[in-house]
Structure formats: C-alpha cells, structure tokens
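With numbering that gives the first Met the number 0, letter number 55 in the sequence shown gets 54, and the count goes up by one each step, no holes.
This report concerns only the one structure given below.
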Amino acid sequence: MKITDMPLEDRPREKLLQRGAQALTNVELLAIFLRTGTRGKTALDLAQDLLREFGDLRSLLGADQVQFCQAKGLGDAKYVQLQACVEMSRRYLRECLERGDVLSSPEDTRNFLMSELSGRAYEVFACLFLDNKHRVIKFEELFYGTIDGASVYPREVVRRALQHNAAALILAHNHPSGIAEPSQADIAITRRLKEAMSLIDVRVLDHLVIGDGYSVSLAERGLV
Numbered sequence: 000m001k002i003t004d005m006p007l008e009d010r011p012r013e014k015l016l017q018r019g020a021q022a023l024t025n026v027e028l029l030a031i032f033l034r035t036g037t038r039g040k041t042a043l044d045l046a047q048d049l050l051r052e053f054g055d056l057r058s059l060l061g062a063d064q065v066q067f068c069q070a071k072g073l074g075d076a077k078y079v080q081l082q083a084c085v086e087m088s089r090r091y092l093r094e095c096l097e098r099g100d101v102l103s104s105p106e107d108t109r110n111f112l113m114s115e116l117s118g119r120a121y122e123v124f125a126c127l128f129l130d131n132k133h134r135v136i137k138f139e140e141l142f143y144g145t146i147d148g149a150s151v152y153p154r155e156v157v158r159r160a161l162q163h164n165a166a167a168l169i170l171a172h173n174h175p176s177g178i179a180e181p182s183q184a185d186i187a188i189t190r191r192l193k194e195a196m197s198l199i200d201v202r203v204l205d206h207l208v209i210g211d212g213y214s215v216s217l218a219e220r221g222l223v
C-alpha cells in the first residue's frame, strides 16, 4: 500500500504533526528521513528492511560509510544527511548542558554522555567539570585507550579541574564491548580520583560507565 493510500492519521508525517515525534515508531521516523522508497517499496517498507538488516536504530546510525552505502536504497547523499542529523542531535544535547543552567536532570546528563561516548571502537575517559552550583563549565575527553582500556592519570584530572576552577565533576567512560557493567578497575580508579579530588576540595558526583544504549551509575550503586 502506498503511503498516500493510508488513512491520514497513520501517515508518518501527519502523525508527527498531530501527535509529536515521540508518538512515532523507529520505522516511521526513519521513513520520514528517507522520504522516498525504492522500486516496489514505500519509504516505510525500506525503513523496515533497513532496521531488520542492521538490527536496530543504533547500529544503523553508527554504521560507517561503507556499511551504510552497501544497503539497498542508500548512498552517499543519505549517509551525509544522516550523519548531519546525528551530529546536530549531539550538539543539541551538549548545548542543553553547557548553556550555564544548573545541572538538575540526571537523565539529560546520561543522554549527553551516551551521545558523546557510546559506539566508540576504543575506550575514552572523559570529565564533565562543574562549578559550585553544578553548572557545566566544560566537557573534556582526557584519556584514550584500546578496546581493553585506557590509562587514567589522577594528577592530570587534578590539573584540569584546577585550570577550570571546578568545584565538582562527573566522570564517564565507555566500554567498547557495549556492556556497561563496571569492572574492579573502574571502581578502583573512581576511588583514587575521589581521594585525589578531595585534596583540592573538588567533589566527584558520579562515574558513568557507557554501554550500548544504556549506562551504569557508580553513585547509584553506592560506589562513589
């Protein structure tokens, strides 16, 4: 069935306008992005085929150019458009945190850190530096590693905290395996950093471990 033959309220664009983007499925959102289908397939059919081929939306959005363009119905133009959308979303989340407001939403923090760190092929250790009112001063990626881990140097974190005149910070790193379960090494470095930060009166509020589509808070587990 052509999309134009569907009831008005079931068409993705009209549904979005009437009920908001959150009411749409991943297939419907992707169909709006694709705009057109291929011979014998509507944009909805193509979107469903692509999500089935890649497994989920995260894998589709994270595909490199070669993987993406090998899929039937896609090409360089669509790849460029999609990457622009992903980057705009990432920058939107960054601006939501860095506009100077008090950091009051743990969910916004998680979403931002996940957008920055998930899907990396190597481990990245980062810090979100905050002032004494928990307003964001700066987000920085500090250490990089292999798929097995990153070397984290507390004195460098101390140096950056002093340079930013931070009063508190949130630690974060990703697990390239996609499994966000904290390791004993994660717990140990959190304790070392907390001790180092206490010497300069900087509070460690949390340490988030980022996996595929979710994160684990060490603070929520009583490990900070």
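All C-beta atoms in this analysis are idealised placements derived from N, C-alpha and C, irrespective of residue type, glycine included.
When Cβ pairs closer than 8 angstroms are counted between the two stretches, the stretch 146-157 is seen to touch the stretch 183-197, the count reaching three or more. Scanning the stretch 75-159 for uninterrupted alpha helix (DSSP H) segments of 4 residues or longer gives 75-97 and 105-116, listed from N- to C-terminal end. Glu-94 and Glu-86 have their C-alpha atoms roughly 12 angstroms apart.
Between Leu-49 and Asn-25, the C-beta spacing is not below 8 angstroms.
With a threshold of 16 other beta carbon atoms within 10 Å, Asn-164 falls short and is exposed. For Gly-212, the closest of Gly-61, Glu-140 and Ile-199 by C-alpha to C-alpha distance is Gly-61.
Around the Cβ of Asp-9, a 10 Å sphere holds fewer than 16 other Cβ atoms; the residue is exposed. Annotated three-state conformation of Val-65 is helix, per DSSP.
Residue burial is scored here from C-beta neighbours: Leu-59 has at least 16 other C-beta atoms within 10 angstroms and is therefore classed as buried.
A straight line joining the alpha-carbon of Ile-2 with that of Leu-43 spans about 8 angstroms. For the set Glu-219, His-133, Ala-46 and Phe-138, the Cα lying nearest the Cα of His-206 is the one of Glu-219. Between the beta-carbon of Tyr-152 and that of Tyr-121 there is about 17 angstroms, and that puts the pair past the 8 angstroms contact cut.
Remark: C-beta atoms of Cys-126 and Glu-115 do not approach each other more closely than 8 angstroms.
Annotation: the continuous alpha helix (DSSP H) that includes Arg-191 extends over 183-197. Here Ser-176 is not bridged, per DSSP, to any residue. Excluding five sequence positions before and after Ala-166, the CB atoms of its chain that fall closer than 6 angstroms to its own CB belong to Asp-130 and Asn-131, given in chain order. Here Leu-23 is near Leu-15, since their CB atoms are less than 8 angstroms apart.
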